[in-house]
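Report on the following structure.
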Amino acid sequence: MSDKIQTVEALAETAVRLRREGRKLVATNGCFDLLHVGHVRYLRAARDLGDCLAVGLNGDKSVRQLKGAGRPLNRADDRAEVLAALEAVDYVAVFPELRASQFLRTVRPAIYVKGGDYTPETLDRDEKEALAAIGAEIVIIPFAHGYSTSGLIDSARS
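The sequence shown begins at -15 in the numbering used here and counts up by one.
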């Protein structure tokens, strides 16, 4: 297993060390079930906002709840390993909850990034409250149109 893959609790300890060193931790989260170039561009842009990028990865049960039957295509451990192999990603932690609120409260990133399919108004209320409580900046990265995991899956099935 890669040193980049950590438990949420271990990542929180890493985040404390990074803050002590004066380094800025950026975090994002998602399912990342089938990586495509839109993900790669998004993760590079997120990483460019700080010194390190942590990806909170939805566990398998929460992906099923979010995406429906037949998902995820890849198990959480496999998805974490693929993400950890990317140069832009410094840390990956799998979390079991449907939303990233507890991940954010525990890890306490300086910056939280979401893709352009979100707006500050459409972010989950509990996630916004967690970010406000920890004083994290929210950054929305423009959406890369034409790239969608669900679209790829639909295309492959037809």
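Each residue gets a CB set at the ideal place from its N, CA and C atoms; glycine is no exception.
Coarse secondary structure for residue i, derived from DSSP in three states
{"i": "G40", "result": "strand"}
{"i": "Y102", "result": "coil"}
{"i": "L107", "result": "coil"}
{"i": "E(-3)", "result": "helix"}
{"i": "G119", "result": "coil"}
{"i": "L19", "result": "coil"}
{"i": "A11", "result": "strand"}
{"i": "A84", "result": "coil"}
{"i": "L50", "result": "helix"}
{"i": "L2", "result": "helix"}
{"i": "R55", "result": "coil"}
{"i": "D32", "result": "coil"}
{"i": "E71", "result": "coil"}
Same chain only: Cβ atoms within 7 Å of residue i, ignoring 5 sequence neighbours per side
{"i": "D44", "result": "P56, R59, A60"}
{"i": "A84", "result": "N13, G40, E111"}
{"i": "G(-14)", "result": "A small fix is needed here, since residue -14 is Ser in this sequence, not Gly. Same-chain partners within the cutoff: E65, A68."}
Beta-carbon spacing of residue i, residue j below 8 Å
{"i": "L88", "j": "A114", "result": "yes"}
{"i": "V76", "j": "L41", "result": "yes"}
{"i": "D110", "j": "K(-12)", "result": "no"}
{"i": "I125", "j": "A29", "result": "yes"}
{"i": "V24", "j": "L70", "result": "yes"}
Residue i - partner residues in DSSP beta bridges
{"i": "T90", "result": "Partner(s): none; T90 has no beta bridge."}
{"i": "V76", "result": "I(-11), V39"}
{"i": "Y96", "result": "A11, I122"}
Cβ-based neighbour list, residue i, same chain, cut-off 8 Å, excluding 5 preceding and 5 following
{"i": "R7", "result": "G34, D35, C36"}
{"i": "R143", "result": "Here the chain has residues from -15 to 142 only, and residue 143 is not among them."}
{"i": "Q(-10)", "result": "T(-2), Y75, V76, A77"}
Spatial neighbours of residue i in its chain, beta-carbon cut-off 6 Å, leaving aside the 5 residues before and after
{"i": "E121", "result": "I95"}
{"i": "F127", "result": "G99, G100, D101"}
{"i": "F79", "result": "V(-8), G40, F87"}
{"i": "S46", "result": "L82"}
{"i": "G54", "result": "none"}
Test: residue i CB closer than 8 Å to a CB of chain C
{"i": "I118", "result": "Any reference to chain C falls outside this structure, which holds one protein chain only."}
(message) Does the stretch 10 to 25 come into contact with the stretch 55 to 70, if we say contact requires no fewer than three beta-carbon pairs (one atom in each stretch) closer than 8 Å?
(response) yes
(message) Quick check: the stretch 86 to 104 against the stretch -2 to 13, are at least 3 beta-carbon pairs closer than 8 Å?
(response) yes
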